[in-house]
Every structure is written in C-alpha cells, then in structure tokens.
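All residue numbers for the sequence shown refer to numbering that gives the first Met the number 0, where the first residue is 0 and numbers rise by one.
In this text, a Cβ means the ideal position worked out from N, Cα and C, and glycines have one as well.
Bear in mind that the values here come from a model prediction, so they are computed numbers and not experimental data.
Comments concern the structure below.
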Amino acid sequence: MSNENGSSAILRRGLMLVLSSPSGAGKTTLSRQLLDNDKQIQLSVSCTTRHKRPGERDGVDYHFIDTATFRGMIERQEFLEYAEVFGNYYGTPRAPVEQLLGSGRDVLFDIDWQGTQQLRDMDTSRADLVTVFILPPSTRDLEKRLLTRAQDPKEVVAQRMAKAADEMSHWAEYDYVLVNRDIATSLNNLKSILTAERLKRERQVGMSTFVKGLREGR
Ligand code: 5GP
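Given below as structure tokens:
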C-alpha cells in the first residue's frame, strides 16, 4: 500500500480506526465524509437486528438481519465484537475486517464503547487500534440533532438522550477526543489523526527495506 511519505514502494500495516460517540454527535456524517475523502480506508459494515431507517441501504449502512441469524453468527464466532445497544444487537463481522487488514488497507469502525473495549481486549488487534471519541458541543445541540434527524420515533429520541450521558462517560478510554462544533474542522482533525497514525514507525513495515536501499545507494 502507498505511504503518506509519498512512496508506493514502502509497505505499511493497515490500522483499525474506531469512532464512537453518543448518537446525534455527528459521527455518521463525519465517517461518510472521511470515506469519501480517503480511498485507503474502508468502512466495516456491521450487522444489526434493528429496523432499517428511511434512506439506509442493506449491505451499505448495515447488514440488516434477524435475531436468530445474529445468534447463529455469535455461536459460530463470526463476530470480531458484538453488543446490545438500545435493545438491538450490533456486531462487526470478522472475515471482511481480517481480509482488509491482511491486504494492508485501513478499516473504519462506527461502534459503541462496548465494542471498542472488546477490540482493545483482543491481543491480535491492540497494536493496530486507533480510537477516537466524538462529543457534541452541548446537550441542547445533541437533542436538536436527534430531533432534526427525524428518523426515529419521539420515544426513541428520548431513550437515546437518556443513554447519551452514560455513553459520554467513556470518553477517557479513547486515544483521541474531538468536540464536533463544525463538521469541516472535525473532518480535518480526523484526517490529521489518521495521517499521523499512518506515519508511526511501527506501522511502516517496509521502511527497513527502503532505508537499506537508500544506504546502498539505490
Ligand atoms: P444506530 O442505531 O444509531 O445506527 O447505532 C446505535 C449505536 O450502535 C451507535 O453508537 C453505533 O456506533 C453502535 N454500533 C453500530 N454498529 C455496531 C457494531 O457493530 N458493534 C457495536 N458494538 N456497536 C455498533
């Protein structure tokens, strides 16, 4: 894979970028814009048992599956992590993530704090993990965004507001924290995080070969 150093000859290990936030903090918009901007990172499409919202597409936003199918996948250990959120199951299918990382691509995860903890606890993924927590600028702002999204019934919005305080208490478990005052600034900050993390020495697995070549006058 090509490198932020500008050379396609230097191999780099793929990383797992996790975004978490209370719903309504702008995480979905941010992740979509990041994916549009950066072709080296791909979204991990989660499975969920919740109903599809207007505008959502099966296989793109989520794999919408029923509870029996989800439980079968749990039993066959087909999830990298899974959790129950707002009374529904959400989980990250293992195979596509392993395939992407194996081919040196970066993977973006839009998952909650429970899923992030599970990824952190896995010996195999810890070195590849970069976690970012997104906070809203205020409670009023969070409620406004949930209401204007208008995709969920009023009682679901109330339930999500009640849960937000709980979710936000996990901010200190993350590597980076962004207060999402405006999307353009947050997107720039997110891109900076990604650039710096890609440049970490231990991720540039092809660097020793490259430097050896330099020292030999190539
Ligand atoms: P929503 O229903 O608004 O799409 O998502 C609700 C919450 O579930 C969000 O915080 C989202 O990040 C989280 N979520 C989505 N997919 C997954 C997943 O695969 N695993 C976990 N642990 N959480 C997820």
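Nearest to residue i (by Cα), restricted to the options the options
| i | options | result |
| --- | --- | --- |
| F78 | D57, E166, S45 and D65 | S45 |
| L34 | E215, R104, P95 and K153 | R104 |
| Q39 | K26, A24, P92 and L14 | L14 |
| D127 | L134, A171 and L118 | L118 |
| R31 | Q113, V84 and F108 | F108 |
| V106 | L42, R12, R11 and A171 | L42 |
Per-residue DSSP class, three states only, for residue i
| i | result |
| --- | --- |
| P133 | Residue identity check: residue 133 is Ile in the sequence provided, not Pro. Correct three-state label for I133: strand. |
| V59 | coil |
| E257 | What the structure shows of the chain is the stretch from 0 to 217, and residue 257 is not part of that stretch, so it cannot be assessed. |
| D127 | helix |
| G25 | coil |
| L10 | coil |
| T48 | coil |
| G114 | helix |
| Q39 | coil |
Pairwise C-alpha distance: residue j and residue i
| i | j | result |
| --- | --- | --- |
| I110 | R217 | 44 Å |
| F28 | T66 | According to the sequence provided, residue 28 is Thr. The question's Phe does not apply to it. Each residue's Cα considered, the two are about 28 Å apart. |
| Q203 | E97 | 19 Å |
| Y89 | R214 | 50 Å |
| L146 | E74 | 37 Å |
| D120 | H169 | 16 Å |
| D57 | R49 | 12 Å |
| P21 | L189 | 17 Å |
| M72 | N36 | 32 Å |
| D174 | P152 | 34 Å |
| T208 | T123 | 24 Å |
| G25 | T138 | 13 Å |
| D60 | L177 | 23 Å |
| L18 | T68 | 26 Å |
| G212 | E196 | 24 Å |
Status (buried if at least 16 other CB within 10 Å, exposed otherwise) for residue i
| i | result |
| --- | --- |
| P136 | exposed |
| N187 | exposed |
| V131 | buried |
Continuous alpha helix (DSSP H) stretch holding residue i: start and end
| i | result |
| --- | --- |
| G212 | M206 to R214 |
| P95 | R93 to G101 |
| M15 | First-last for M15: M15 to S19, but that is the beta strand (DSSP E), not the alpha helix (DSSP H). |
| Q203 | Neither: Q203 is in no alpha helix (DSSP H) and is coded neither H nor E. |
Boundaries of the beta strand (DSSP E) in which residue i is found, first to last residue
| i | result |
| --- | --- |
| I73 | That residue, I73, is in no beta strand (DSSP E); its alpha helix (DSSP H) goes T66 to E74. |
| L177 | Y175 to V178 |
| V156 | Note, V156: premise wrong, no beta strand (DSSP E); alpha helix (DSSP H) at K153 to M167. |
| D109 | D105 to D109 |
Test: residue i CB closer than 7 Å to a CB of chain D
| i | result |
| --- | --- |
| I64 | This model lacks chain D altogether, as it is built from one protein chain only. |
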